[in-house]
Structures are given as C-alpha cells and as structure tokens.
Amino acid sequence: MTDAQLPHRLDRTIVIRARRETVFRYFTDSLRWAKWWGAGSMIDPEVGGQVFVRHPNAVEAAGEVVEIDPPKRIVFTYGFASGEPVAVGESLVTVTLEDDPEGTRLHLEHAFAEAAARDHHVQGWRYQLSVFANVVTAEVNAGAQDRIDAWFAAWSEPDADRRNAALDDHVAPQIRFRDRFSATAGIDDLRPHLAAVHQFMPGMRIERRGPIHHCQGTALCEWTARGADGGERGRGTNIFTLDAEGRIADVVGLWIDAKMTG
610 MTDAQLPHRL DRTIVIRARR ETVFRYFTDS LRWAKWWGAG SMIDPEVGGQ
660 VFVRHPNAVE AAGEVVEIDP PKRIVFTYGF ASGEPVAVGE SLVTVTLEDD
710 PEGTRLHLEH AFAEAAARDH HVQGWRYQLS VFANVVTAEV NAGAQDRIDA
760 WFAAWSEPDA DRRNAALDDH VAPQIRFRDR FSATAGIDDL RPHLAAVHQF
810 MPGMRIERRG PIHHCQGTAL CEWTARGADG GERGRGTNIF TLDAEGRIAD
860 VVGLWIDAKM TG
C-alpha cells in the first residue's frame with residue numbers, strides 16, 4: 610500500500626517507563642501481545658507473519674507484519690474480520706520506539722484510505738495505548754510493593770550500613786524526595802537526611818498501610834509513622850515515581866498530623 614492509497618493518518622505518541630527492549634517484547638511474544646489485546650490474540654514476529662487480535666468483547670481484527678526491526682520499529686496491516694469500519698489488510702499501523710529520559714517514547718501512525726475510518730479509531734487508540742502502557746509497566750513494576758516496603762524499612766533502620774544498602778538496592782541514584790520537612794536531590798543528599806531522622810527522632814519507624822495503587826510507573830501508598838514507644842506520630846500518603854528499571858526515582862510525601870487522625 611502506498612501513501613497515495615492511505616492518505617489519512619492518525620498519530621499518537623506516549624512515553625512508557627520501561628526500556629525499549631522491554632516494550633518491544635510485546636510485539637514479538639504472543640503471550641505478552643495477548644496481555645495487551647485479549648486472550649487468544651497472537652503475533653508472528655516476522656515479515657509476512659500473522660497479526661491477530663481478539664478483543665475482550667469478542668470483536669476480531671487481523672493483518673500481517675510488513676516490516677520489523679527490533680527493538681525500533683514494526684509495521685503491520687490491520688482490519689476487522691467483519692469488514693467494518695475497515696476490512697482486514699486495508700489499513701497500515703507503524704509503531705516506532707525511541708529512547709527517552711523516562712524510558713521509551715512510542716510513536717504510532719495508523720494510515721487509512723478514508724477519513725471516516727481514521728476518525729473511528731481515534732478514541733480506540735487513545736484507550737489501547739493507555740492499556741498498553743499499564744500492561745508494560747505492570748510487568749516492570751511487579752515488585753513495586755516490595756520496593757516500597759524496602760523504602761520504608763530504610764527510613765526505619767537505625768544502622769547506617771544496612772540503611773544505605775537498602776537504598777542502593779531499590780533507589781535510583783538521582784532520587785528526589787520532598788515532604789513537609791525536606792527537599793533532597795540525589796542519593797548522596799538523601800543518605801544524611803535519613804541519618805538525621807534517627808538523630809533527632811530515635812526509634813521512629815514508618816509502615817505501609819494497605820496495598821499500593823499503581824498506574825504507568827506511578828504508585829500511591831498510605832503509611833503510618835510511629836515513635837519508639839509504638840505510638841502513632843502521624844499518617845500520610847506517598848506518591849512514588851518508578852524509573853524504567855522499576856527503581857524508586859521520585860517521592861512526594863504528604864503528611865497528616867497525628868492529632869488529625871485521633
């Protein structure tokens with residue numbers, strides 16, 4: 610198909626907090642492809658290979674791979690088994706991946722013969738790329754709750770060597786932390802801040818309260834701070850940003866005074 614045959618283009622770009630190689634696996638592995646599109650979907654990652662999508666509502670679409678250059682680019686035809694709004698093989702999807710400071714920049718172009726078919730897909734791709742970003746980052750951040758527990762354990766650890774080892778394992782070197790009492794930039798700034806916590810509030814510990822909530826590399830978590838006597842000193846919520854390797858890269862802590870929680 611030529612540009613003249615498919616003059617109507619839909620373009621979308623998103624940034625996914627995962628490495629390019631990780632993102633591209635979803636175009637070469639049918640199990641991952643199906644996690645994105647729906648059970649029974651599959652892709653044969655070679656030129657001429659079949660592309661098949663079975664949406665959760667049982668709508669089916671298909672096409673074939675036209676070009677593949679891992680982990681940079683894949684091009685495939687696309688259309689619906691029903692023939693509406695575009696038949697199998699009558700549109701062309703191009704996905705290009707580029708490195709980005711936050712992970713991977715994905716650019717999607719979907720080319721159609723008719724403007725009406727293009728317009729029909731605008732909300733569909735807005736939704737599907739959001740689903741895709743969540744599926745990919747859910748894999749990258751499968752251990753996010755454990756990392757967050759390790760973060761709180763580091764804050765609660767009085768021994769500097771054990772505390773610093775926990776930070777090294779779970780925190781990105783460029784870590785930023787901001788809350789009511791501090792604003793640090795980089796792990797070398799965070800280390801003495803945690804030491805000061807134990808100097809001025811000996812015996813203090815922080816515990817996660819309830820499960821985390823994760824979306825596309827951002828996690829929300831509630832916590833409780835307790836003093837050496839076990840009494841509650843405050844509650845709050847942390848917003849964690851996770852990097853492309855799943856490490857904690859940015860934290861904002863929102864405190865609620867103990868007197869406000871009873």
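Just so you know, the sequence shown maps onto residues 610 to 871 in my numbering. For each residue, glycine too, the CB sits at the ideal point set by N, CA and C. Quantities reported herein were computed from a predicted structural model and do not represent experimental measurements.
In the DSSP assignment, the beta strand (DSSP E) including S700 goes from what residue to what residue? In the sequence shown, the residue the question calls residue 700 occupies position 91. Annotation: the continuous beta strand (DSSP E) that includes S700 extends over 700 to 709.
Option in G698, S650, L717, V662 with minimal Cα separation from I623: Your numbering for residue 623 matches position 14 in the sequence shown. Of the candidates G698, S650, L717, V662, the one whose C-alpha sits nearest the C-alpha of I623 is L717.
How many angstroms separate the CA atom of D612 from the CA atom of C824? One-based indexing of the sequence shown puts residue 612 at position 3. One-based indexing of the sequence shown puts residue 824 at position 215. Cα to Cα, the separation comes out at about 37 Å.
Tell me the residue span of the alpha helix (DSSP H) that contains R800. Against the sequence shown, residue 800 aligns to sequence position 191. Element bounds for R800: 796 to 809.
What does the alpha-carbon distance come out to for the pair F661 and E693? Residue mapping note: residue 661 aligns to position 52 of the sequence shown, counting from 1. Residue mapping note: residue 693 aligns to position 84 of the sequence shown, counting from 1. C-alpha separation (whole angstroms): 16 Å.
N557 in three-state terms, based on DSSP: Within the shown structure, residues of the chain are numbered from 610 to 871, placing residue 557 beyond reach of any answer.
Below 8 Å on the Cβ atoms is my guess for V656 versus L715; work out the distance and round it to an integer in Å. By 1-based counting over the sequence shown, the position of residue 656 is 47. By 1-based counting over the sequence shown, the position of residue 715 is 106. V656 to L715, Cβ: 21 Å. No contact.
When we look at the beta-carbon of E668 and count the other beta-carbons within 10 Å, is it buried (16 or more) or exposed? In the sequence shown, counting from the first residue as 1, residue 668 sits at position 59. Reading off the sequence, residue 668 comes out as Val, not Glu. Exposed, since its Cβ has fewer than 16 Cβ neighbours within 10 Å.
Pick from K681, F741, D678, V697: whose alpha carbon is nearest that of Y687? As a first step, residue 687 is located in the sequence shown; it is residue number 78 there, counting from the start. Ranking K681, F741, D678, V697 by Cα distance to Y687 puts V697 first.
What is the DSSP secondary structure of P616, reduced to helix, strand or coil? Within the sequence shown, numbered from 1, the residue matching residue 616 stands at position 7. Residue state, collapsed to three classes: coil.
Between which two residues does the beta strand (DSSP E) harbouring R835 extend? For this step, residue 835 is matched to residue 226 along the sequence shown. Here the beta strand (DSSP E) through R835 covers 827 to 835.
Are there three or more Cβ pairs, one per stretch, closer than 8 Å when the region 836 to 845 is compared with the region 809 to 822? With a cut-off of 8 Å, the region 809 to 822 and the region 836 to 845 count as touching, because enough Cβ pairs lie within range.
R817 in three-state terms, based on DSSP: Reading the sequence shown from its first residue, position 208 is the one you call residue 817. In the three-state reduction of the DSSP assignment, R817 falls in the strand class.
When the Cβ atoms of the region 717 to 728 are set against those of the region 752 to 759, are three or more pairs found closer than 8 Å? Short answer: they don't touch.
Rounded C-alpha distance that separates V695 from F689: Numbered from its first residue, the sequence shown carries residue 695 at position 86. Numbered from its first residue, the sequence shown carries residue 689 at position 80. Rounded to whole angstroms, V695 to F689 spans 6 Å at the Cα level.
Quick check on the burial criterion: 16 or more other C-beta atoms within 10 angstroms. Buried or exposed for G862? What you label residue 862 is simply residue 253 of the sequence shown in a count that begins at 1. Label assigned to G862: buried.
For the beta strand (DSSP E) that contains R785, what are its first and last residues? Your numbering for residue 785 matches position 176 in the sequence shown. R785 -> beta strand (DSSP E) spans 780 to 788.
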